[in-house]
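Engineer:
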Amino acid sequence: MGCCYSRLEREETVSRCKARKRYMKQLVKARQAFSASHSLYIRSLRGTGAALRQFSNAETYIRRPQPHQHHHLPPVLPSPTPRTPPPPPPPHIPMSPSSDTWTSITASPALPPPPPPPPSSTWDFWDPFVPSTSRTVTEEEWEATTIASEAMVTVTGAASSAPPPSVVSGFSKDTSSTELAMVVSRNTKDLVEIIKELDEYFLKAADAGAQLSLLLEVPTFSSQKKGGQVYNNGWSLWGSNTKPNDAFGKLNGELTATNMGNGYGGNSRSHCSTVEKLYAWEKKLYQEVKTAEATRIEHEKKVEQLRKLELKRADYVKTEKTKKEVEKLESQMMVASQAIETTSAEIIKLREIELYPQLLELVKGLMCMWRSMYESHQVQTHIVEQLKYLNIIPSAEPTSEIHRQSTLQLELEVQQWHASFCNLVKAQRDYVQSLTGWLRLCLFQISGNPLLRTGQDSRIYSLCEEWNLAVDRIPDKVASEGIKSFLTVVHAIVVQQAEEYRQKKKADSASKELDKRATELRSLESKYVSHSMRECSASTRGRDPVQEKQNKVDNLRTKAQDEKQKHENLVSVTRSMTINNLQMSFPHVFQAMVGFSSVCMHAYEAVYNQTKNPDQHEVKRLLP
1110 MGCCYSRLER EETVSRCKAR KRYMKQLVKA RQAFSASHSL YIRSLRGTGA ALRQFSNAET
1170 YIRRPQPHQH HHLPPVLPSP TPRTPPPPPP PHIPMSPSSD TWTSITASPA LPPPPPPPPS
1230 STWDFWDPFV PSTSRTVTEE EWEATTIASE AMVTVTGAAS SAPPPSVVSG FSKDTSSTEL
1290 AMVVSRNTKD LVEIIKELDE YFLKAADAGA QLSLLLEVPT FSSQKKGGQV YNNGWSLWGS
1350 NTKPNDAFGK LNGELTATNM GNGYGGNSRS HCSTVEKLYA WEKKLYQEVK TAEATRIEHE
1410 KKVEQLRKLE LKRADYVKTE KTKKEVEKLE SQMMVASQAI ETTSAEIIKL REIELYPQLL
1470 ELVKGLMCMW RSMYESHQVQ THIVEQLKYL NIIPSAEPTS EIHRQSTLQL ELEVQQWHAS
1530 FCNLVKAQRD YVQSLTGWLR LCLFQISGNP LLRTGQDSRI YSLCEEWNLA VDRIPDKVAS
1590 EGIKSFLTVV HAIVVQQAEE YRQKKKADSA SKELDKRATE LRSLESKYVS HSMRECSAST
1650 RGRDPVQEKQ NKVDNLRTKA QDEKQKHENL VSVTRSMTIN NLQMSFPHVF QAMVGFSSVC
1710 MHAYEAVYNQ TKNPDQHEVK RLLP
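The sequence shown finishes on residue 1733 if you use my numbering, and the numbering steps up by one all the way, no holes.
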């Protein structure tokens, strides 16, 4: 029995249908992972923006006095004030051995920027802060109005340095050079104002994925709580003890349960339902093909047996019995063939009527989403440029417990941003590869003769092949490293705050010890009411207890002062390091995201546009 089953599995038709079933099973799981990773990525954008706002609200600085304004100059062209030099870099601080992995990166005040985008035209984007040609009068006006402390920059002045039409066309009607000008054309802002604007565009980037969420059937958790936090409260989207990959796994499971409970499976136009129905039909087809193949093999045996019986002119009853068995098997083969044709027709119908339009909508949704994200990240790039012009002095306020917790929360959210980004890229690749692999087996015969294909077959195959090539070419590592470099910077702040906190505990401990010993000294001094009594005691006992205690108190006072000074120094380092790190790391991460979203936008546009001219794309012939 085992040998027969093994032979059956090796039959080309059976093994092909088994592979089709396997690809479709992978597609069902990949669709769930795609939906889950998309949902977590959207949440991570909201969570990162909210965590940044909380972090900036806790960070305290003092505004520098505004320089005297030259009123005799026109308001549109104020006298450019010199840029405020950044605070001096903090000195090297040795960290604890437990932080060696991070310390080697974060202890140095000058972190290396992430690798620049590859030299490709698809990464180019308009940046009014970086002139593409020699400086012109318009550009000088732009810089002057940007760095002036109190001058308002008119929208007209910003619009005069408009990008080339080819770049502006990448923006939607809601996002233009005017909007960029509105973002950067106010008075010099403080950190909270800059981060507030940054958060607004994190929310816009997250909103860009709403339509794709509907197509991927991401469930809404508006009232559901996890880890004590409401999902859509704009702050903590995961419990503080939840790791990013745990969150991905939980949501993936929730998607399966929610899709079944919310009626997704009953909706004939649901992509989830379509994929699951295709999987069910593929399992049925596999069983039918396996049964048909087993019947065919048995039929061949009986035909050969009958031939031998007829050649030997064997017993008539035995020969007739074998003939009837052959006829029965032939009848079963006809029924099996009809069943296979019916099942295949259902698969083709689902593929043409439901799956192909859904795939078109998915590609269109991805195109629109990354176009909107490109616009949002581009504006964010210009927003963070304003960090260069922060007119502030780091305060001497120590890091509060609330601030430490907000920094830890920011680290968690950026970690989730990085993990969900990587998961999103991988999930989409797995999805498209499973889909393309299934189509290759569906649309090409193993015999070498191309299956009779409709124009719809060619279009769906061409769409998925182009999609598959597009996701393979997307340079996600640059964006991933950009987010990771920001995570490194945030972790450096966490480590520095922890060092400051440890020093604060040491300073507080030294101060308490000093107070305790000083109290003991006062109590001892009260026992010796006069100097003469101390001298008498010293002469009789050979020592002065009060003086000994006084010496200890003096030593403790020196130690307490030293520990307090160390703490104050670390507070200054923390404040300076925080703003320096933000100024250094923010532009890189958003430039990386602009580059990635730009490539995605153009890639999906190309995939979607090729479907409008299907006659120009022939299906490739796969060799058997």
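Glycine is no exception: its CB is placed at the ideal position from the N, C-alpha and C atoms.
Is any heavy atom in the ligand GDP found nearer than 6 angstroms to the beta carbon of R1626?
Structural biologist: Here there are no bound small molecules, and the ligand GDP is not part of this structure.
Engineer: In chain order, what residues of the same chain have a beta carbon less than 7 angstroms from the beta carbon of C1531, not counting five sequence neighbours either side?
Structural biologist: The residue you call residue 1531 lines up with position 422 of the sequence shown. Closer than 7 angstroms at the Cβ level, and outside the excluded window around C1531, lie S1589.
Engineer: How many whole angstroms separate the CB atoms of K1448 and E1397, which I take to be in contact at a CB cut-off of 8 angstroms?
Structural biologist: Residue numbering aside, residue 1448 sits at position 339 when the sequence shown is read from its first letter. Residue numbering aside, residue 1397 sits at position 288 when the sequence shown is read from its first letter. This sequence places Ala at residue 1448; Lys is not what is there. Yes, they are in contact, since the Cβ atoms of A1448 and E1397 sit about 5 angstroms apart, within 8 angstroms.
Engineer: Starting from I1511 and walking both ways along the alpha helix (DSSP H), at which residues does that stretch end?
Structural biologist: The sequence position of residue 1511 within the sequence shown is 402, counting from 1. Unbroken alpha helix (DSSP H) run through I1511: E1510 to L1552.
Engineer: Tell me where the beta strand (DSSP E) around I1501 begins and ends.
Structural biologist: The count along the sequence shown starts at 1 and reaches residue 1501 at position 392. Run containing I1501: I1501 to P1503, per the beta strand (DSSP E) assignment.
Engineer: Below 7 angstroms between beta carbons: does that hold for S1322 and Y1483?
Structural biologist: Reading the sequence shown from its first residue, position 213 is the one you call residue 1322. Reading the sequence shown from its first residue, position 374 is the one you call residue 1483. In this structure, Y1483 does not lie closer than 7 angstroms to S1322 by Cβ.
Engineer: Identify, in the order they occur along the chain, each residue of the same chain with its Cβ nearer than 6 angstroms to the Cβ of V1534, setting aside the five sequence neighbours on each side.
Structural biologist: The residue labelled residue 1534 in the question sits at position 425 within the sequence shown. Here the set comprises D1585.
Engineer: Using a Cβ-Cβ cut-off of 6 angstroms (strictly less than) and excluding sequence neighbours within five positions of N1718, which residues of its own chain qualify?
Structural biologist: Position 609 of the sequence shown, counting from 1, holds the residue named residue 1718. Contacts found: none.
Engineer: Compute the Euclidean distance between the alpha carbons of V1580 and M1702, then round it to the nearest angstrom.
Structural biologist: Position 471 of the sequence shown, counted from the start, is the residue given in the question as residue 1580. Position 593 of the sequence shown, counted from the start, is the residue given in the question as residue 1702. Straight-line Cα distance between these residues: approximately 16 angstroms.
Engineer: Going by Cα to Cα distance, which pick from R1568, S1567 and R1582 is closest to Q1537?
Structural biologist: As a working mapping, residue 1537 is identified with position 428 in the sequence shown. Ranking the options by Cα distance to Q1537, first place goes to R1582.
Engineer: Out of T1687, K1625, G1158 and T1451, point me to the one whose CA is closest to T1597's CA.
Structural biologist: Within the sequence shown, the letter at position 488 stands for residue 1597. The candidate whose alpha carbon is nearest that of T1597 is T1687.
Engineer: If the criterion is Cβ atoms closer than 7 angstroms, does the pair V1655 and E1622 meet it?
Structural biologist: Your numbering for residue 1655 matches position 546 in the sequence shown. Your numbering for residue 1622 matches position 513 in the sequence shown. No, these two residues do not count as a Cβ contact at 7 angstroms.
Engineer: Check whether the region 1658 to 1670 and the region 1611 to 1620 touch, using three or more Cβ-Cβ pairs below 8 angstroms as the test.
Structural biologist: Yes, the region 1658 to 1670 touches the region 1611 to 1620.
Engineer: Taking the beta carbon of R1129 as the centre, do at least 16 other beta carbons fall within 10 Å, making it buried, or is it exposed?
Structural biologist: Translated into the one-based positions of the sequence shown, residue 1129 becomes position 20. Buried, because 16 or more other Cβ atoms sit within 10 Å of the Cβ of R1129.
Engineer: Starting from the Cα of E1574, find the closest Cα among A1607, K1430 and T1545 and give me that residue.
Structural biologist: Counting from one through the sequence shown, the residue named residue 1574 turns up at place 465. Nearest of A1607, K1430 and T1545 to E1574, Cα basis: T1545.
Engineer: How about the region 1504 to 1517 and the region 1131 to 1151: do they share at least three Cβ pairs that are nearer than 8 angstroms?
Structural biologist: Flag = no, the region 1504 to 1517 and the region 1131 to 1151 do not touch.
Engineer: Hey, how far is the Cα of E1629 from the Cα of Y1637?
Structural biologist: To locate residue 1629, count along the sequence shown from 1; it is residue 520. To locate residue 1637, count along the sequence shown from 1; it is residue 528. Computed Cα separation, rounded: 13 angstroms.
Engineer: I need the DSSP call for A1142, collapsed to helix, strand or coil.
Structural biologist: As a first step, residue 1142 must be located in the sequence shown, where it is residue number 33. Helix, per DSSP.
Engineer: Do P1475 and Y1132 have their CB atoms nearer than 7 angstroms?
Structural biologist: As a working mapping, residue 1475 is identified with position 366 in the sequence shown. As a working mapping, residue 1132 is identified with position 23 in the sequence shown. Position check: residue 1475 holds Leu in this sequence, whereas Pro was assumed. Against a cut-off of 7 angstroms, the Cβ pair of Y1132 and L1475 comes out as no contact.
Engineer: Sorted by chain position, which residues of the same chain lie with C-beta nearer than 8 angstroms to Q1659's C-beta, five sequence neighbours on each side aside?
Structural biologist: Within the sequence shown, the letter at position 550 stands for residue 1659. Excluding residues within five positions, the ones whose Cβ falls inside 8 angstroms are L1630.
Engineer: Cα separation between H1697 and I1492?
Structural biologist: Translated into the one-based positions of the sequence shown, residue 1697 becomes position 588. Translated into the one-based positions of the sequence shown, residue 1492 becomes position 383. Cα-Cα distance, rounded: 13 angstroms.
Engineer: Considering only their Cβ atoms, is the gap separating V1327 from S1144 smaller than 7 angstroms?
Structural biologist: For the purposes of this step, residue 1144 is identified with residue 35 of the sequence shown, where counting begins at 1. For the purposes of this step, residue 1327 is identified with residue 218 of the sequence shown, where counting begins at 1. Going by C-beta atoms, S1144 is nearer than 7 angstroms to V1327.
Engineer: Would you decide whether V1262 is buried or exposed? Buried here means 16 or more other CB atoms lie within 10 Å of its CB.
Structural biologist: On the sequence shown, residue 1262 is found 153 positions in, with the first residue counted as 1. Low per-residue confidence applies at V1262: pLDDT is 28, beneath 50, and the placement is therefore not dependable, though the value from the model is reported in the following sentence. Burial call: buried.
Engineer: Please confirm whether T1400 and L1572 have their CB atoms less than 7 angstroms apart.
Structural biologist: Working through the sequence shown from its first residue, we reach residue 1400 at position 291. Working through the sequence shown from its first residue, we reach residue 1572 at position 463. The answer is no: Cβ separation not under 7 angstroms.
Engineer: Go ahead and pull the three-state DSSP assignment for L1325.
Structural biologist: Position 216 of the sequence shown, counting from 1, holds the residue named residue 1325. Residue state, collapsed to three classes: coil.
Engineer: Thinking just about the alpha-carbon of each residue, which of L1468, V1680 and K1615 is nearest to the one in N1577?
Structural biologist: Residue mapping note: residue 1577 aligns to position 468 of the sequence shown, counting from 1. Per the Cα distances, L1468.
Engineer: Write down the C-beta distance between F1699 and Q1525 rounded to the nearest angstrom, noting that I regard them as a contact closer than 8 angstroms.
Structural biologist: The residue labelled residue 1699 in the question sits at position 590 within the sequence shown. The residue labelled residue 1525 in the question sits at position 416 within the sequence shown. About 18 angstroms; that fails the 8 angstroms criterion.
Engineer: Helix, strand or coil: which one does DSSP assign to A1701?
Structural biologist: Residue mapping note: residue 1701 aligns to position 592 of the sequence shown, counting from 1. Of the three classes helix, strand and coil, the one that applies to A1701 here is helix, per DSSP.
Engineer: Which class does S1124 belong to by DSSP, given the choice of helix, strand or coil?
Structural biologist: Position 15 of the sequence shown, counted from the start, is the residue given in the question as residue 1124. Helix.
Engineer: Is it true that the CB of Q1518 sits closer than 7 angstroms to the CB of A1167?
Structural biologist: Translated into the one-based positions of the sequence shown, residue 1167 becomes position 58. Translated into the one-based positions of the sequence shown, residue 1518 becomes position 409. No, they are not a contact pair.
Engineer: Just to confirm my understanding: we take R1162, look at its own chain, exclude 5 residues before and 5 after, and list those with CB closer than 6 angstroms. What are they?
Structural biologist: Within the sequence shown, residue 1162 is the residue found at index 53, counting from 1. Result list for R1162: I1304 and D1308, in chain order.
Engineer: Taking the straight line between their C-alpha atoms, what separation do you get for Q1605 and S1481?
Structural biologist: Against the sequence shown, residue 1605 aligns to sequence position 496. Against the sequence shown, residue 1481 aligns to sequence position 372. So the alpha carbons of these two residues sit roughly 36 angstroms apart.
Engineer: Quick one, which of L1499, D1624 and R1416 has its alpha-carbon nearest L1300's?
Structural biologist: Start at 1 with the first residue of the sequence shown, and residue 1300 comes out as number 191. Ranking L1499, D1624 and R1416 by Cα distance to L1300 puts L1499 first.
Engineer: Give the list of continuous alpha helix (DSSP H) stretches no shorter than 4 residues that lie fully inside the region 1460 to 1496.
Structural biologist: If we require 4 residues or more, the alpha helix (DSSP H) runs fully inside the region 1460 to 1496 come out as 1465 to 1494.
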